[in-house]
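Peer 1: Taken in sequence, the protein lines are chains A and B. With numbering that gives the first Met the number 0 applied, the first sequence covers 0 to 249. With numbering that gives the first Met the number 0 applied, the second sequence covers 0 to 207. What follows is a structure written as structure tokens; I'll ask about it next.
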Amino acid sequence: MSSPAGAHPAQASAEFFQRDRSIHPPAYTPGYKTSVTRSPRQALLSLQNSLSEITGPVFGHDDLGPLDNDLIRNYAKTGDPIGERIIVHGRVLDESGRPIPNTLVEFWQANAGGRYRHKKDTYLAPIDPNFGGCGRALTDTDGRYFFRTVKPGPYPWRNYVNSWRPAHIHFSIFGSGFAQRLITQMYFEGDPLIKACAIVNAIPDPDAVDRLIAPIDLNASIPLDTLAYRFDIVLRGRRSTMFENRLEGN
Amino acid sequence: MTDKLGYLKETTSQTAGPYVHIGLIPQQAGFDIFETNFGNVAVGPKTAGQRIRIEGRVFDGTETPVRDVLIETWQANAAGRYNHPADTQDKPLDPDFRGWARAGSDFKTGIYTIDTIKPGIVRGRRGRPMAPHINFWIAARGINIGLNTRMYFADEGEANAVDPVLNLIELDTRRKTLLAEPVTRDGIAVYRFDIRLQGENETVFFDI
Ligand SMILES: [Fe+3]
Numbered sequence: 000m001s002s003p004a005g006a007h008p009a010q011a012s013a014e015f016f017q018r019d020r021s022i023h024p025p026a027y028t029p030g031y032k033t034s035v036t037r038s039p040r041q042a043l044l045s046l047q048n049s050l051s052e053i054t055g056p057v058f059g060h061d062d063l064g065p066l067d068n069d070l071i072r073n074y075a076k077t078g079d080p081i082g083e084r085i086i087v088h089g090r091v092l093d094e095s096g097r098p099i100p101n102t103l104v105e106f107w108q109a110n111a112g113g114r115y116r117h118k119k120d121t122y123l124a125p126i127d128p129n130f131g132g133c134g135r136a137l138t139d140t141d142g143r144y145f146f147r148t149v150k151p152g153p154y155p156w157r158n159y160v161n162s163w164r165p166a167h168i169h170f171s172i173f174g175s176g177f178a179q180r181l182i183t184q185m186y187f188e189g190d191p192l193i194k195a196c197a198i199v200n201a202i203p204d205p206d207a208v209d210r211l212i213a214p215i216d217l218n219a220s221i222p223l224d225t226l227a228y229r230f231d232i233v234l235r236g237r238r239s240t241m242f243e244n245r246l247e248g249n
Numbered sequence: 000m001t002d003k004l005g006y007l008k009e010t011t012s013q014t015a016g017p018y019v020h021i022g023l024i025p026q027q028a029g030f031d032i033f034e035t036n037f038g039n040v041a042v043g044p045k046t047a048g049q050r051i052r053i054e055g056r057v058f059d060g061t062e063t064p065v066r067d068v069l070i071e072t073w074q075a076n077a078a079g080r081y082n083h084p085a086d087t088q089d090k091p092l093d094p095d096f097r098g099w100a101r102a103g104s105d106f107k108t109g110i111y112t113i114d115t116i117k118p119g120i121v122r123g124r125r126g127r128p129m130a131p132h133i134n135f136w137i138a139a140r141g142i143n144i145g146l147n148t149r150m151y152f153a154d155e156g157e158a159n160a161v162d163p164v165l166n167l168i169e170l171d172t173r174r175k176t177l178l179a180e181p182v183t184r185d186g187i188a189v190y191r192f193d194i195r196l197q198g199e200n201e202t203v204f205f206d207i
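In structure tokens, the structure reads:
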């Protein structure tokens, strides 16, 4: 905790590219009904980055346990969880294509039947006694992360009376500065529910939706054992100009 | 995937959904899975600085407390320096302070709390001092992209008056949405910071 080592110093000291909001869902998307009362209506106030935005929390291996990226084992009580065994892997890059090393990636999901281990989930699909449904990993020096899990099932939710979420895994990513903080969801190639989902359809740009759909990656699969999906994550880029020069130059 | 200049596109945001607790604060979801858990206590016994508690609720557009919200805070230490390599101010780092905390609001009352220290003044752009403040990031079901705001301290009038960010906000009523009022309870300074997602006193949110 005393020696922050989250990012290469030259990359970590400059301000971020402005966020392109056209590829993100706006706050107010009436097709996703919960957004109606939870969406700010005033314009966001644009802030040039200061130290408060270009810095962010630094995590290390001390924060993680050895099974944190193995959802097949990290809650196993009596055996393996039920479901298709999968690996999810990819890289965390910035918009300039540079890897983001040592950044915390967290993920959570329903079990193979589409049920979450959560007090508030009342779907009648059963809880799996051997599946917790969450994990986390730190990216390596090339920005790579991976974890092992079972493929989550789709589940119904109260939006329209017949709304179903496509199979998905929730992701939380930090990056090297607080302005890169992101939560998103990964979907699976070929899932027919993606195009019918109100949360997916809150995204205005079809290409941006495509980038959330992980293709199957047979080359990364383990024969006779585990299928793999690949999901690369891109966080905001940083200017190459050193921050201090820009600020102090007046 | 890339544009004409070869830049990649940022990954699109999606809502954290109703079960954000499972991934990020599983103990609140009702189960125990990790050896080390992130939480709402940012301080350790050796952390330098004045202990404070931040307490509040997040309200939706119908004035209803949001009871499934996730809040993260990021702040400088008591000397006004962030624990990050990009902060090269000539001030001491505090090895016992990461500067980050995460809290879920209570499922019944909607109240969140953060136990931390009061941050110092941080140098802002062009060397202008920024008043003590805590950066907030808010995610929840129904929030399509995480919301950024800042909490300032109502009892830092002098510093607030020259703060470059507060001074970007023209309307006094809007500026006030970022000011947390202090109360003392059981000997600890408690700052009350409610956030309004929508409506008459909508909190100022930033595009950072
Ligand atoms: Fe979900």
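The C-beta atom is built at its ideal place from N, Cα and C for all residues, glycine as well.
1. Using the Cα positions of GLY5 (chain A) and ILE221 (chain A), report the straight-line distance between them to the nearest angstrom.
2. Excluding five sequence neighbours on each side, which residues of the same chain lie with their C-beta closer than 7 Å to the C-beta of GLU247 (chain A)?
3. Report the three-state DSSP secondary structure of ARG135 (chain A) (helix, strand or coil).
4. Taking a cut of 9 Å between CB atoms, which residues from the segment 3-14 of chain B lie near chain A?
5. Go through its chain and collect everything with a Cβ distance to GLN179 (chain A)'s Cβ below 6 Å, but skip five positions before and after it.
6. Considering just the uninterrupted stretch of the alpha helix (DSSP H) at ASN159 (chain B), what are its terminal residues?
7. Okay, do the segment 37-52 of chain B and the segment 4-22 of chain B touch, 3+ Cβ pairs below 8 Å being the bar?
8. Return the chain-ordered list of same chain residues with a C-beta closer than 7 Å to the C-beta of ASP216 (chain A), the five sequence neighbours on each side being excluded.
9. Give me the Cα-Cα distance between PRO205 (chain A) and PHE170 (chain A), rounded to the nearest whole angstrom.
10. The beta strand (DSSP E) with PRO181 (chain B) in it runs from where to where?
11. Say whether chain D places a C-beta atom closer than 8 Å to the C-beta of PRO91 (chain B).
12. Indicate whether PRO151 (chain A) and LYS76 (chain A) have their beta-carbon atoms separated by less than 8 Å.
13. Secondary structure at GLU71 (chain B), three-state DSSP: helix, strand or coil?
14. Cα separation between GLY174 (chain A) and THR35 (chain B)?
15. For HIS20 (chain B), which beta-bridge partners are listed by DSSP?
16. Short of 6 Å in beta carbon distance, which residues of its chain neighbour ASP69 (chain A), apart from the five on each side in sequence? Order them along the chain.
17. Tell me whether GLY78 (chain A), by its Cβ, gets closer than 7 Å to a heavy atom of ligand 1.
18. Where VAL35 (chain A) and ASP67 (chain B) are concerned, what is the direct C-alpha to C-alpha distance, given to the nearest angstrom?
19. Closer than 7 Å: is that where the CB of ALA109 (chain A) sits relative to any heavy atom of ligand 1?
20. Which residues mark the beginning and the end of the alpha helix (DSSP H) in which PRO205 (chain A) is found?
21. Flag this pair as yes or no: are the beta carbons of THR148 (chain B) and PHE204 (chain B) separated by less than 8 Å?
22. Using a C-beta cutoff of 8 Å, does CYS196 (chain A) count as contacting chain B?
23. Taking the CB atoms as reference points, tell me whether THR14 (chain B) and GLY109 (chain B) lie closer together than 8 Å.
24. Could you name the residues of the segment 29-40 of chain A whose beta carbon sits closer than 9 Å to any beta carbon of chain B, in the order they occur along the chain?
25. Report the three-state DSSP secondary structure of VAL199 (chain A) (helix, strand or coil).
26. With a CB to CB cut of under 6 Å and the five nearest residues on each side skipped, what residues in its chain are close to HIS23 (chain A)?
27. With 8 Å as the threshold, decide whether the Cβ of GLY123 (chain B) is near any Cβ in chain A.
28. When we look at the beta-carbon of SER45 (chain A) and count the other beta-carbons within 10 Å, is it buried (16 or more) or exposed?
29. In or out: VAL199 (chain A) buried (at least 16 other Cβ within 10 Å) or exposed?
30. Let me confirm a value: ALA160 (chain B) is counted as buried when at least 16 other C-beta atoms fall within 10 Å, else exposed. Which label applies?
31. Taking GLY48 (chain B) as the query, report the chain A residues whose CB atoms sit under 9 Å from its CB, ordered along the chain.
32. In whole angstroms, what is the alpha-carbon distance linking GLY189 (chain A) and THR10 (chain B)?
33. Contact criterion: CB-CB distance below 8 Å. Does ALA136 (chain A) meet it with respect to chain B?
34. Does the segment 117-134 of chain B come into contact with the segment 45-60 of chain A, if we say contact requires no fewer than three beta-carbon pairs (one atom in each stretch) closer than 8 Å?
35. Under 7 Å Cβ to Cβ from ASP193 (chain B), same chain only, skipping five residues before and after it: list those, please.
36. From TRP73 (chain B) to ARG97 (chain B), what distance separates their C-alpha atoms?
Peer 2: Looking at the atomic coordinates:
1. Here residue 5 (chain A) refers to the residue found at position 6 when the first sequence is read from its first residue. Here residue 221 (chain A) refers to the residue found at position 222 when the first sequence is read from its first residue. Summary for GLY5 (chain A): the model assigns pLDDT 43, below 50, so the residue's position carries little reliability, and this model does not support an answer.
2. Working through the first sequence from its first residue, we reach residue 247 (chain A) at position 248. In this prediction, GLU247 (chain A) scores a pLDDT of 41, lower than 50, which makes its location untrustworthy; the coordinate-derived value is nonetheless stated afterwards. So no residue of the chain qualifies.
3. Here residue 135 (chain A) is taken as the residue at index 136 of the first sequence, counted from 1. Of the three classes helix, strand and coil, the one that applies to ARG135 (chain A) here is strand, per DSSP.
4. GLY5, TYR6, LEU7, LYS8, GLU9, THR10, THR11, SER12, GLN13 and THR14
5. Sequence index remark: in the first sequence, residue 179 (chain A) carries index 180 (1-based). Counting only Cβ-Cβ distances below 6 Å, and skipping sequence neighbours, we find LEU234 and ARG235.
6. For the purposes of this step, residue 159 (chain B) is identified with residue 160 of the second sequence, where counting begins at 1. Run containing ASN159 (chain B): 156-160, per the alpha helix (DSSP H) assignment.
7. no
8. Numbered from 1 along the first sequence, position 217 holds the residue referred to as residue 216 (chain A). ALA227, TYR228 and ARG229.
9. Residue numbering aside, residue 205 (chain A) sits at position 206 when the first sequence is read from its first letter. Residue numbering aside, residue 170 (chain A) sits at position 171 when the first sequence is read from its first letter. Looking at the two C-alpha atoms, the distance is approximately 20 Å.
10. Position 182 of the second sequence, counted from the start, is the residue given in the question as residue 181 (chain B). PRO181 (chain B) -> beta strand (DSSP E) spans 178-184.
11. Included in the structure are the protein chains A and B, with no chain D among them.
12. In the first sequence, counting from the first residue as 1, residue 151 (chain A) sits at position 152. In the first sequence, counting from the first residue as 1, residue 76 (chain A) sits at position 77. Not in contact: PRO151 (chain A) and LYS76 (chain A) (Cβ atoms no closer than 8 Å).
13. For the purposes of this step, residue 71 (chain B) is taken as residue 72 along the second sequence, with counting starting at 1. GLU71 (chain B) falls in the strand class under three-state DSSP.
14. Along the first sequence, one-based indexing puts residue 174 (chain A) at 175. Along the second sequence, one-based indexing puts residue 35 (chain B) at 36. Answer to the nearest angstrom: the Cα atoms are 20 Å apart.
15. Counted from its first residue, the second sequence places residue 20 (chain B) at position 21. DSSP output for HIS20 (chain B) lists no bridge partner at all.
16. On the first sequence, position 70 is the one that residue 69 (chain A) refers to. Excluding residues within five positions, the ones whose Cβ falls inside 6 Å are ARG147.
17. Along the first sequence, one-based indexing puts residue 78 (chain A) at 79. The answer is no for GLY78 (chain A).
18. Here residue 35 (chain A) refers to the residue found at position 36 when the first sequence is read from its first residue. Here residue 67 (chain B) refers to the residue found at position 68 when the second sequence is read from its first residue. Going by the C-alpha atoms only, they are around 16 Å apart.
19. Numbered from its first residue, the first sequence carries residue 109 (chain A) at position 110. Yes, the Cβ of ALA109 (chain A) comes within 7 Å of a heavy atom of ligand 1.
20. As a first step, residue 205 (chain A) is located in the first sequence; it is residue number 206 there, counting from the start. Taken as a continuous stretch (DSSP letters only), the alpha helix (DSSP H) holding PRO205 (chain A) covers 205-209.
21. Position 149 of the second sequence, counting from 1, holds the residue named residue 148 (chain B). Position 205 of the second sequence, counting from 1, holds the residue named residue 204 (chain B). Contact flag set, yes.
22. Counting from one through the first sequence, the residue named residue 196 (chain A) turns up at place 197. False, the Cβ-Cβ gap to chain B never drops below 8 Å.
23. Here the question's residue 14 (chain B) lines up with position 15 in the second sequence. Here the question's residue 109 (chain B) lines up with position 110 in the second sequence. No, they are not a contact pair.
24. TYR31, LYS32, THR33, SER34, VAL35, THR36, ARG37, SER38, PRO39 and ARG40
25. Here residue 199 (chain A) corresponds to residue number 200 of the first sequence, with the count starting at 1. Helix, per DSSP.
26. One-based indexing of the first sequence puts residue 23 (chain A) at position 24. Hits under 6 Å: none found.
27. What you label residue 123 (chain B) is simply residue 124 of the second sequence in a count that begins at 1. Yes, because at least one Cβ of chain A sits closer than 8 Å to the Cβ of GLY123 (chain B).
28. The residue you call residue 45 (chain A) lines up with position 46 of the first sequence. Burial call: exposed.
29. Within the first sequence, residue 199 (chain A) is the residue found at index 200, counting from 1. Buried, because 16 or more other Cβ atoms sit within 10 Å of the Cβ of VAL199 (chain A).
30. As a working mapping, residue 160 (chain B) is identified with position 161 in the second sequence. That one is exposed.
31. For the purposes of this step, residue 48 (chain B) is taken as residue 49 along the second sequence, with counting starting at 1. Here the premise fails: no neighbours, minimum Cβ distance about 16 Å.
32. As a first step, residue 189 (chain A) must be located in the first sequence, where it is residue number 190. As a first step, residue 10 (chain B) must be located in the second sequence, where it is residue number 11. Taking the straight line from one Cα to the other gives about 20 Å.
33. By one-based count along the first sequence, residue 136 (chain A) stands at place 137. No, ALA136 (chain A) lies away from the interface with chain B (no Cβ there is under 8 Å from its Cβ).
34. yes
35. On the second sequence, residue 193 (chain B) is found 194 positions in, with the first residue counted as 1. Excluding positions up to five away in sequence, the list reads GLY55, ARG56 and PHE58.
36. Along the second sequence, read from residue 1 onward, the residue named residue 73 (chain B) stands at position 74. Along the second sequence, read from residue 1 onward, the residue named residue 97 (chain B) stands at position 98. If you take the alpha carbons of TRP73 (chain B) and ARG97 (chain B), they lie about 9 Å apart.
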